[in-house]
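Chains as they are written, first to last, in our numbering: chain A, 9 to 221; chain B, 9 to 221; chain C, 9 to 221.
Heads up: the structure comes next, in structure tokens.
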Amino acid sequence: MQEAQFISLLWLIGILAEAMTGALAAGRKQMDLFGVVIIGCATAIGGGTLRDILLGNYPIIWVENVHYLIAIAFASLLTVIIAPLMRYLSKLFLAIDALGLAVFSIIGAQKTLALGFSPVVAVVMGVVTGVFGGVIRDILCNQVPLIFRKELYAIISLMTASLYIGLSYLGVTEWVNLIMCLSFGFSFRMLALKYKWSMPTFDYQAEIDTHGH
Amino acid sequence: MQEAQFISLLWLIGILAEAMTGALAAGRKQMDLFGVVIIGCATAIGGGTLRDILLGNYPIIWVENVHYLIAIAFASLLTVIIAPLMRYLSKLFLAIDALGLAVFSIIGAQKTLALGFSPVVAVVMGVVTGVFGGVIRDILCNQVPLIFRKELYAIISLMTASLYIGLSYLGVTEWVNLIMCLSFGFSFRMLALKYKWSMPTFDYQAEIDTHGH
Amino acid sequence: MQEAQFISLLWLIGILAEAMTGALAAGRKQMDLFGVVIIGCATAIGGGTLRDILLGNYPIIWVENVHYLIAIAFASLLTVIIAPLMRYLSKLFLAIDALGLAVFSIIGAQKTLALGFSPVVAVVMGVVTGVFGGVIRDILCNQVPLIFRKELYAIISLMTASLYIGLSYLGVTEWVNLIMCLSFGFSFRMLALKYKWSMPTFDYQAEIDTHGH
Numbered sequence: 009m010q011e012a013q014f015i016s017l018l019w020l021i022g023i024l025a026e027a028m029t030g031a032l033a034a035g036r037k038q039m040d041l042f043g044v045v046i047i048g049c050a051t052a053i054g055g056g057t058l059r060d061i062l063l064g065n066y067p068i069i070w071v072e073n074v075h076y077l078i079a080i081a082f083a084s085l086l087t088v089i090i091a092p093l094m095r096y097l098s099k100l101f102l103a104i105d106a107l108g109l110a111v112f113s114i115i116g117a118q119k120t121l122a123l124g125f126s127p128v129v130a131v132v133m134g135v136v137t138g139v140f141g142g143v144i145r146d147i148l149c150n151q152v153p154l155i156f157r158k159e160l161y162a163i164i165s166l167m168t169a170s171l172y173i174g175l176s177y178l179g180v181t182e183w184v185n186l187i188m189c190l191s192f193g194f195s196f197r198m199l200a201l202k203y204k205w206s207m208p209t210f211d212y213q214a215e216i217d218t219h220g221h
Numbered sequence: 009m010q011e012a013q014f015i016s017l018l019w020l021i022g023i024l025a026e027a028m029t030g031a032l033a034a035g036r037k038q039m040d041l042f043g044v045v046i047i048g049c050a051t052a053i054g055g056g057t058l059r060d061i062l063l064g065n066y067p068i069i070w071v072e073n074v075h076y077l078i079a080i081a082f083a084s085l086l087t088v089i090i091a092p093l094m095r096y097l098s099k100l101f102l103a104i105d106a107l108g109l110a111v112f113s114i115i116g117a118q119k120t121l122a123l124g125f126s127p128v129v130a131v132v133m134g135v136v137t138g139v140f141g142g143v144i145r146d147i148l149c150n151q152v153p154l155i156f157r158k159e160l161y162a163i164i165s166l167m168t169a170s171l172y173i174g175l176s177y178l179g180v181t182e183w184v185n186l187i188m189c190l191s192f193g194f195s196f197r198m199l200a201l202k203y204k205w206s207m208p209t210f211d212y213q214a215e216i217d218t219h220g221h
Numbered sequence: 009m010q011e012a013q014f015i016s017l018l019w020l021i022g023i024l025a026e027a028m029t030g031a032l033a034a035g036r037k038q039m040d041l042f043g044v045v046i047i048g049c050a051t052a053i054g055g056g057t058l059r060d061i062l063l064g065n066y067p068i069i070w071v072e073n074v075h076y077l078i079a080i081a082f083a084s085l086l087t088v089i090i091a092p093l094m095r096y097l098s099k100l101f102l103a104i105d106a107l108g109l110a111v112f113s114i115i116g117a118q119k120t121l122a123l124g125f126s127p128v129v130a131v132v133m134g135v136v137t138g139v140f141g142g143v144i145r146d147i148l149c150n151q152v153p154l155i156f157r158k159e160l161y162a163i164i165s166l167m168t169a170s171l172y173i174g175l176s177y178l179g180v181t182e183w184v185n186l187i188m189c190l191s192f193g194f195s196f197r198m199l200a201l202k203y204k205w206s207m208p209t210f211d212y213q214a215e216i217d218t219h220g221h
């Protein structure tokens, strides 16, 4: 198997798993099956779509290969059927989501570099690819995006994308680079979940309250 | 009258009616006149705009023909004045909205096919054109998109777009195709409203509650 | 100093100030530092980004010059540190925001005209550039956009952009035009704040309540 095939396979696992977590989020809002499919699609490919729109990189991958979209729609609907089982799989899904975070961040950075943009833009687009599917999901579900408030997530995306680009520039072989970045991103996210690591929070309201405003 | 003129006329009626329902939604949130215009515009042309951005199809229609945007803004403001009458016209508006759903879905599919994309992409873009104006309206009004929870709407868009594309491939004349698809979409939507047909809902919260999680 | 440098300098001041107000909005929602940076960036450059996407004008400025994005991110984080001082600076920030509104509206109109679009499109894009950063900020913070409900804001953007285009067509020198439009937009916004001028509101709910529906 080539590096490109390996990362594509992980990407496919990632988008299907994200579709399923998106479907669950739709279920928490009692949406109908159409809402389930839309939220599943937005969660799975919203980040990559936003990246391509920001870069003006057309055609967007799921427009060119619409079978990805169909697979995502099926995964979303399947979730409705197997939802009773999902509780027993929640640890598996957290693990796939952690892997997906690393995979999406690496792919976002890769594609941006391949289009000739600068490394800093590639890091930014790694983060957009890694986390904005979840942001769009939360906007459609009418809630403040989770990743702005919960355990370390986006910063891991940023560090994984940076590590990938840094190692590429140092001339590290693609295979070694991929394995190192996937291990780093995955382990860091799992540790953040286990030990509830989170970013410092900025609470401006509280301070105003303190001063009686 | 040609087919193209006929469908354009229906499209114009559709965007003006959508602008007016958007303006009413803004009124329900006590927005000011600027908010009324923005929500009116987003409801009327948000779906087609999102389609063109996803396809990279520039210039967007209202950028090329800005008089459409001006007409939509006027229709939105007019709504504020005639709002007291709107209650008596609610059935008329539901009927125009049902027709608009069919028209937008057909046009979205038509334009996508004309750009050389595959039939499946054309169906997806028919749905985007048909329903995402309402989704953007609801996001701007800070509520969970209605179409993810109410009577059959998006699925009718999907079926109308599919029917149009299917009949085109079978070589059905454009006029016959249009009349059949418009009749199908319009009647199906009116029946769904009358008999409160809706999609099955996915309620994941309830199940968790049942199991005490 | 050239006109272009002068307006660029004001633009830079504007985006940094907008980033800081965005960071405060994130603090009001108790977001983490990553959320602060995202909301800061969205507030500062969301309007210009949306304009470029709607016009298909690639590459987007902060993709081409990513140091703007880095400066905005730093300004957002700096806000967290100096937040205790911000209360004493609130009048200064309202003034910079008023100036920024005029600057963004003028730049949005300028860039659109330079791309060969019509004056009406230029006015629309002036408004998009001037106010949609705040709209995107409010969507990400899960609240109804402020500018649809508060003191005159968007209409000042529209009038400033129109004035700029009108004076350009009349052959007024660029320097004179800039000074006039900046003075007009800035003063109008400051007066609107001082005297709480606002647009008429459209309250559709109230009417329905009155009629018992």
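The C-beta atom is built at its ideal place from N, Cα and C for all residues, glycine as well.
All figures in this text were calculated on a predicted structure; none of them were measured in a lab.
Residue i Cβ short of 7 Å to the ligand FAD heavy atom set
{"i": "LEU121(C)", "result": "The model depicted lacks the ligand FAD and carries no ligand whatsoever."}
Distance CB(residue i)-CB(residue j) smaller than 8 Å
{"i": "ALA200(C)", "j": "ILE164(C)", "result": "yes"}
{"i": "ARG157(C)", "j": "ASP40(B)", "result": "yes"}
{"i": "GLY35(A)", "j": "PHE125(B)", "result": "no"}
{"i": "ALA33(A)", "j": "CYS149(A)", "result": "yes"}
{"i": "ALA110(A)", "j": "GLY43(A)", "result": "no"}
{"i": "ALA2(C)", "j": "ILE173(C)", "result": "Not covered by the structure: residue 2(C). The range shown for chain C is 9 to 221."}
{"i": "ILE69(A)", "j": "TYR76(A)", "result": "yes"}
{"i": "VAL74(A)", "j": "VAL128(B)", "result": "yes"}
{"i": "ARG197(B)", "j": "GLY54(B)", "result": "no"}
{"i": "ALA122(B)", "j": "ALA169(B)", "result": "no"}
{"i": "LYS204(A)", "j": "GLU159(A)", "result": "yes"}
{"i": "ALA91(B)", "j": "TYR212(C)", "result": "yes"}
{"i": "ILE15(B)", "j": "GLY30(B)", "result": "no"}
{"i": "LEU166(A)", "j": "LEU107(A)", "result": "no"}
{"i": "ILE104(B)", "j": "ILE147(C)", "result": "no"}
{"i": "GLY56(C)", "j": "TYR66(B)", "result": "no"}
{"i": "ALA52(B)", "j": "ALA12(B)", "result": "no"}
{"i": "GLY142(B)", "j": "PRO153(B)", "result": "yes"}
Bridge partner(s) assigned by DSSP for residue i
{"i": "ASP40(B)", "result": "THR209(C)"}
Next on the checklist: Contact between the stretch 21-30 of chain B and the stretch 125-135 of chain C is defined here as three or more beta-carbon pairs at a separation below 8 Å; is this criterion met?
Outcome noted: no
Checklist entry - What residue ranges within the stretch 121-192 of chain C form continuous beta strand (DSSP E) runs of no fewer than 3 residues, ordered along the chain? => result If you keep only unbroken beta strand (DSSP E) runs of at least 3 residues inside the stretch 121-192 of chain C, you get nothing at all.
Checklist entry - At a Cβ cut of 8 Å, what residues of the stretch 26-50 of chain B count as close to chain C, listed as they run along the chain? => result ALA31, LEU32, ALA34, GLY35, ARG36, LYS37, GLN38, MET39, ASP40, LEU41, PHE42, GLY43, VAL44, ILE46 and ILE47
Next on the checklist: Measuring CB atoms only, is the stretch 74-94 of chain C touching the stretch 179-190 of chain C, in the sense that at least three cross pairs come out at less than 8 Å?
Outcome noted: Three or more beta-carbon pairs separated by less than 8 Å are not found between the stretch 74-94 of chain C and the stretch 179-190 of chain C, which leaves the two stretches without contact.
Checklist entry - Okay, do the stretch 56-66 of chain A and the stretch 109-123 of chain B touch, 3+ Cβ pairs below 8 Å being the bar? => result no
Checklist entry - In the stretch 144-174 of chain C, which residues sit with their C-beta less than 9 Å from some C-beta in chain B, listed in chain order? => result If the cut-off is 9 Å between Cβ atoms, the stretch 144-174 of chain C has ASP146, ILE147, ASN150, GLN151, VAL152, PRO153, ILE155, PHE156, ARG157, LYS158, LEU160, TYR161, ALA162, ILE163 and LEU166 near chain B.
Checklist entry - Unbroken alpha helix (DSSP H) runs of length 4 or more, entirely within the stretch 28-89 of chain C: which are they? => result 41-63 and 69-72
Checklist entry - What residues in the stretch 56-83 of chain B have a beta carbon less than 8 Å from any beta carbon of chain A? => result ILE61, LEU62, LEU63 and GLY64
Checklist entry - Name the residues in the stretch 191-213 of chain A whose C-beta lies less than 7 Å from a C-beta of chain C; which are they? => result SER206, MET207, PRO208, THR209, PHE210, ASP211, TYR212 and GLN213
Next on the checklist: Short of 8 Å Cβ to Cβ, which residues in the stretch 94-127 of chain B face chain A?
Outcome noted: PHE125 and SER126
Checklist entry - Which residues, in chain order, does the stretch 126-142 of chain B contribute to contact with chain C at a C-beta distance below 7 Å? => result none
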